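Residue numbers (numbering that gives the first Met the number 0): 0 to 359. Working notes, structure below.
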Amino acid sequence: MTRVALIFGGRSPEHDVSILSARSVAAAAPRPRIEAIPVCMARDGFFVEPHRSAAILEGRGSADIGDPAFSFETWWRAGHADIVFPLVHGVGGEDGVLQGYLESIDAPYVGSGVAASAVSMDKTHMKHAFAAAKLPIADAVHVTESDWRNERERITRAVTNALRLPYFVKPANSGSSIGVTKVKRDGDLLAAMDLGFTFDDKVLVERGIDAREIEVSVLGNDRPEASLPGEILAARDFYDYEDKYADGKAELVIPAKLGADKIEEVRRLAIAAFKAIGGAGYARVDFFLERGTNRLYVNEINTIPGFTSISMYPKMWEATELKYSRLIERLVELGLERHAARKARRDKAMEWLRGARKIV
Ligand SMILES: Nc1ncnc2c1ncn2[C@@H]1O[C@H](COP(=O)(O)OP(=O)(O)O)[C@@H](O)[C@H]1O
Ligand SMILES: [Mg+2]
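Here it is as structure tokens:
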């Protein structure tokens with residue numbers, strides 16, 4: 000039996016979505032092979048001890064305040080679990096911070112490591128990684144808050160010279176479409192930038208692509224595989240926060256209705272995007288398929304995608320004949336494999352060092 004500490008919640012606006020993801024995983028984890036132990040990260044950033052965490056997961060009790068007296072590190076070192084499944088979306092959970100903490104206590108965990116998580120969370124670094132791997136991405140102007148405050152006219156000129164309307168303005172570090180604006184008139188750029196800078200000190204102004212939104216699930220460590228693609232049919236002007244969570248009117252079409260060649264291309268690009276950021280375990284890669292040109296653009300990669308049983312990520316695997324409960328088990332195996340491989344390398348490196356000349 001593998002005991003999995005399921006960390007959920009967190010400080011980001013995706014706290015509630017994370018609870019839903021963790022609830023689904025806890026319910027579907029194949030017993031007795033996997034035992035899920037819920038550990039909540041409260042909204043104040045502190046961990047909650049496992050009993051109260053279990054109650055929160057079941058919808059009883061508030062996740063506003065953690066238990067400052069509970070030390071996850073002490074709990075982990077006492078040997079209560081074999082691996083951690085961090086199911087915390089967004090800032091503080093998906094951006095390498097939690098992964099770094101887990102590295103520092105040498106806990107195996109599911110999913111991408113520190114660098115891949117950090118690169119994927121920050122859209123400026125993510126786009127640089129994609130560009131370096133020669134992946135197709137939308138033209139964009141990256142703007143820092145201080146440049147915007149000091150050189151607004153020059154930047155506005157740079158934007159209007161480089162891009163045609165509409166633009167998408169988005170904070171570099173966000174998610175769930177929070178802070179994203181579709182700008183249809185130049186006069187609306189100012190308000191869109193202000194909103195973007197509410198969430199981060201860097202924003203991207205991107206060429207708006209008239210496109211179908213296609214997503215692919217990737218699974219694996221060194222030899223990642225891609226699922227069949229799915230499509231999001233946004234119910235609003237674009238796939239915004241309301242559409243994702245509040246109205247939930249967006250429709251998911253799985254598998255996406257695409258020709259065999261496009262399916263092949265989008266799966267190949269998804270694997271290339273995963274490798275470009277150095278991903279591990281799993282990730283969802285999101286694309287734009289431009290209507291006029293039929294060209295694919297990689298929009299983003301999510302290293303901790305929504306993971307309820309009805310979320311895109313597991314649904315796309317189900318369409319590719321990998322069941323939700325088996326997927327959970329596979330993720331745990333991949334996390335343990337990655338930890339063992341890294342430990343073996345560390346041990347070998349230590350052995351080499353022991354043979355090296357002493358400095359002190
Ligand atoms: N360049 C673009 N062209 C067209 N639509 C876009 C563009 N960028 C973002 N969008 C729309 O905004 C949504 C959210 O943007 P995205 O970059 O995916 O940020 P998030 O990390 O918040 O999901 C997308 O799903 C899409 O509907
Ligand atoms: Mg997105």
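Don't be surprised by glycine CBs; every beta carbon is placed ideally from N, CA and C. Just so it is clear, the structure is predicted and the values come from calculations on it, not from any experiment.
Status (buried if at least 16 other CB within 10 Å, exposed otherwise) for residue 197: exposed
What does DSSP give as the partner residue(s) for residue 216 in the beta ladder? For residue 216, which the question treats as bridged, DSSP gives the partners 283.
Here's the rule I'm using: 16 or more other beta-carbon atoms within 10 Å means buried, otherwise exposed. How should residue 351 be labelled? exposed
Have a look at residue 306 and residue 81 and give me their C-alpha separation to the nearest angstrom. Rounded to whole angstroms, the separation of the alpha carbons of residue 81 and residue 306 is 21 Å.
Within 8 Å, do at least three Cβ pairs link the stretch 5-25 to the stretch 87-107? yes
Beta-carbon proximity list for residue 173, same chain, < 7 Å, skipping 5 on both sides: Excluding residues within five positions, the ones whose Cβ falls inside 7 Å are 198, 199.
Cβ pair residue 205, residue 288 closer than 9 Å: no
Name the two residues that bound the continuous alpha helix (DSSP H) containing residue 275. 259-275
For a minimum of 4 consecutive residues, which ranges assigned as the alpha helix (DSSP H) are wholly contained in the stretch 134-217? Listed in chain order, the alpha helix (DSSP H) runs fully inside the stretch 134-217 are 144-149, 151-161, 188-198, counting runs of at least 4 residues.
Please return the same chain residues whose Cβ sits closer than 6 Å to the Cβ of residue 52, not counting the five positions on each side in sequence. 37, 38, 39
Taking the DSSP output, what are the residues bridged to residue 40? According to DSSP, which records beta bridges pairwise, residue 40 is partnered with 8, 46.
Using C-beta distances below 7 Å, list every residue in its chain close to residue 86, excluding the 5 sequence neighbours before and after it, in chain order. 5, 6, 7, 17, 20, 21, 24, 303, 306
Residue range of the beta strand (DSSP E) that residue 227 falls in? Careful: residue 227 lies outside any beta strand (DSSP E) and carries neither H nor E.
Helix or strand or just coil, what does DSSP make of residue 253? Coil, per DSSP.
In the DSSP assignment, find the alpha helix (DSSP H) that holds residue 96 and state where it starts and stops. Going by DSSP, residue 96 is part of the alpha helix (DSSP H) stretching over 96-103.
Contact under 9 Å by Cβ, residue 128 with residue 84: no
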